[in-house]
Amino acid sequence: MVNRKTVAVIGGGVSGLAAARAFDEQGHRVLGYERTHDIGGVWEPSRSYPGVRTQSPKDFYRYTDMAMPDDYPEWPSGQQVHAYLHRFADKHDLHRLFSLNTGVRSVDRRADGAPGWRLTLESAGRSVVQEVDFVAVCTGQFSDKNIITHPGQDAFLAQGGQVIHSSEYIDPTTVQGKRLVVLGGSKSATDIAVNAVENGAKQVTMVYRHNVWRIPYHIGGINFKWLLYPRFQEVQFNGWGRSPLQKAVAAIAKPFVWANLKGLETMISVQEGLKKHNMKPTVPIDAEVGCTIPLMTEGLMKYVRAGKIKPVIGTYDRYEGDEIVLSNGERVGCDLSVLAVGWQLGFPFLNQDSLDKLIDRDGLYKLYRFCVNPDLPDLGFVGIASSFATVLNADMMAKWLVRFADGQLARQPSDAEMRDNIEMMLNWKRHERPAAQPYGGLCTAPFHLKYFEELLEDIGAKKCRPVYPRAEVYHQSLRAAPDYRAG
Ligand SMILES: Cc1cc2nc3c(=O)[nH]c(=O)nc-3n(C[C@H](O)[C@H](O)[C@H](O)COP(=O)(O)OP(=O)(O)OC[C@H]3O[C@@H](n4cnc5c(N)ncnc54)[C@H](O)[C@@H]3O)c2cc1C
Ligand SMILES: NC(=O)c1ccc[n+]([C@@H]2O[C@H](COP(=O)([O-])OP(=O)(O)OC[C@H]3O[C@@H](n4cnc5c(N)ncnc54)[C@H](OP(=O)(O)O)[C@@H]3O)[C@@H](O)[C@H]2O)c1
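This is how it looks when you write it as structure tokens:
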């Protein structure tokens, strides 16, 4: 008999919806909290810039039990994803579970020492305390802006200049005739640079610290999904937990893998003309394949070639008058400075004691299956680790987490097993695969198949080994898993 729990779900994005659905489905009482006025997280329209669309093809950016509509394009727009998330919430009647405009300010152990947690909620200026048996943290990696400033910013603003974070780039009509400088070299930066050109910016300069590999939507005319997601590609990278035999095979195959990845680099480089524009990264692509590798915004290289976007390697040194002085000494005229410098990973509502248990000294998170920490009982994370298929990731994690919380995994780990596994994963990230370190080590790409198969085996779902991470195959596999109801 599984006891019915009161479960707090913090966050109403992709992951919060997955968690609410999973705990609700098994019969728990779900209390969802979303601090903004709507569900959707990064896809809520007021949070994303015009023209944003997924990087993941739609087959990989979906819940296991609900495909994106047939009439959606291969890479749906932000609005379409938002509508899809609402439809998912409608389908499973999830809206009733969420309190909107309700932020979670703190999460502490219950004062009387009983299991569970004590949440302090904030809504309409009022503070309320709610005690729960279990907490699912679903606040994502991209909720809190990375705020940085540079010397001279106040004077720059005073003389009429503007400085915004990439997430505040909402209305492109305002860029007409302006000189834009975008700081950062990842996906938000290139999307905004291209969007600004297309909306009549007078001049666009993109300043970033180093070149990164960007995957074109099509490589040699082939949709990148056929090259990046399949099993034959995934096994080329050094995944975690390999046996001595697997390591020996990998050593033998190394020259072939090297040749394959060099071939990929060459194709991208030649197709996009990277060398000519000093945009070819110096590191091999293998060293970057993970969640930091962005797709190449369509139009980026066309506008670079046309001189409409000027890439500069460096960073800001200071603002001076209506100019930005760069670290290489160059001065760039600027009306609007867009800081596309990413997000602050963190959980401000967790107290220091919890954070110390969760995060190692070098910033790597200590989580079993990217979901739970044995020193933080009755608490788990959904979607904290992203990938190239984050909705699928979140869905599978949520289904795993509820069974873990209920002691219903077919392979329920012991405390010692969790600790050993966490240690193994930390070692792997530190010594075997540094590409897995960014974002606190919270990325499962490019090991989608490996990770999903671990979760499915833990759950006791039907064994499956699709060639691609195919949601409908996982759905069938999960339907065959042992079921139960809390109550
Ligand atoms: C512009 C953009 C495009 C992306 N495109 C892709 C893509 O194509 N493919 C891919 O795999 N990934 C993509 N990502 C990554 C993306 O973050 C994930 O795919 C996914 O949307 C994350 O969902 P989430 O629910 O985990 O987090 P979020 O979407 O960030 O949702 C977290 C929610 O928690 C809420 N919240 C935060 N703190 C609190 C609190 N204290 N109390 C209450 N509520 C709180 C936030 O308001 C937010 O609604 C993209 C990210 C961005 C920023
Ligand atoms: N679907 C889409 O189309 C889409 C659109 C936007 C974003 N996304 C996703 O959303 C996530 C966040 O992307 P993002 O582009 O917003 O952020 P990001 O990937 O974290 O990139 C941040 C960028 O800012 C730079 N930076 C950070 N701090 C800096 C500093 N102090 N000075 C100078 N540069 C600094 C980083 O440079 P270094 O590398 O040198 O640190 C990096 O280029 C990613 O997963 C991305 O794939 C997807």
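According to my numbering, the stretch in the sequence shown is residues 423 to 909, in order. For glycine and all other residues, C-beta sits at the position ideal for the given N, C-alpha and C.
Extent of the continuous alpha helix (DSSP H) to which residue i belongs
i: P733; result: Segment 731 to 735 is the beta strand (DSSP E) holding P733; no alpha helix (DSSP H) there.
i: G438; result: 436 to 447
i: V551; result: No alpha helix (DSSP H) contains V551, which is instead part of the beta strand (DSSP E) from 548 to 554.
i: L823; result: 812 to 827
i: Q668; result: 666 to 694
i: E839; result: 837 to 849
i: D880; result: 870 to 881
i: K724; result: 722 to 727
i: T612; result: 609 to 620
i: Q477; result: No alpha helix (DSSP H) holds Q477; DSSP gives it neither H nor E.
i: D576; result: 575 to 580
Ligand 3 heavy atom lying under 6 Å from the CB of residue i
i: Q477; result: Ligand 3 is absent from the structure shown, which contains only ligand 1 and ligand 2.
Burial state of residue i, where buried means 16 or more other Cβ atoms lie within 10 Å
i: Q774; result: exposed
i: M723; result: buried
i: V366; result: Residue 366 cannot be examined here, being either before or after the span of the chain that is shown, 423 to 909.
i: Q502; result: buried
i: N795; result: buried
i: A728; result: exposed
i: Y506; result: buried
i: E456; result: buried
i: D593; result: exposed
i: A811; result: buried
i: N425; result: exposed
i: V692; result: exposed
i: K427; result: buried
i: W539; result: buried
i: H450; result: buried
i: Y906; result: exposed
i: W680; result: exposed
i: Q477; result: buried
i: S588; result: buried
i: P491; result: exposed
i: W648; result: exposed
i: A858; result: buried
i: R636; result: buried
i: S549; result: exposed
DSSP state of residue i mapped onto helix, strand, coil
i: T714; result: coil
i: V763; result: coil
i: T595; result: helix
i: G500; result: helix
i: I570; result: coil
i: D797; result: coil
i: G802; result: strand
i: S808; result: strand
i: V431; result: strand
i: V889; result: coil
i: L602; result: strand
i: F520; result: strand
i: A832; result: coil
i: Q563; result: coil
i: R469; result: helix
Boundaries of the beta strand (DSSP E) in which residue i is found, first to last residue
i: I746; result: 745 to 748
i: H897; result: First-last for H897: 893 to 901, but that is the alpha helix (DSSP H), not the beta strand (DSSP E).
i: M628; result: 625 to 630
i: Y455; result: 451 to 455
i: Q584; result: 584 to 587
Which residues DSSP lists as bridging residue i, in chain order
i: N645; result: H640
i: Y787; result: I781
i: V529; result: L541, L772
i: G755; result: E745
i: M488; result: Y485
i: Y738; result: L748
i: R653; result: In the DSSP output, where bridge partners are listed per residue, R653 has none listed.
i: A908; result: V424
i: A558; result: V431, G802
Within-7 Å CB hit, residue i to chain B
i: M701; result: Given the protein chain composition of this structure (a single chain), no chain B is represented.
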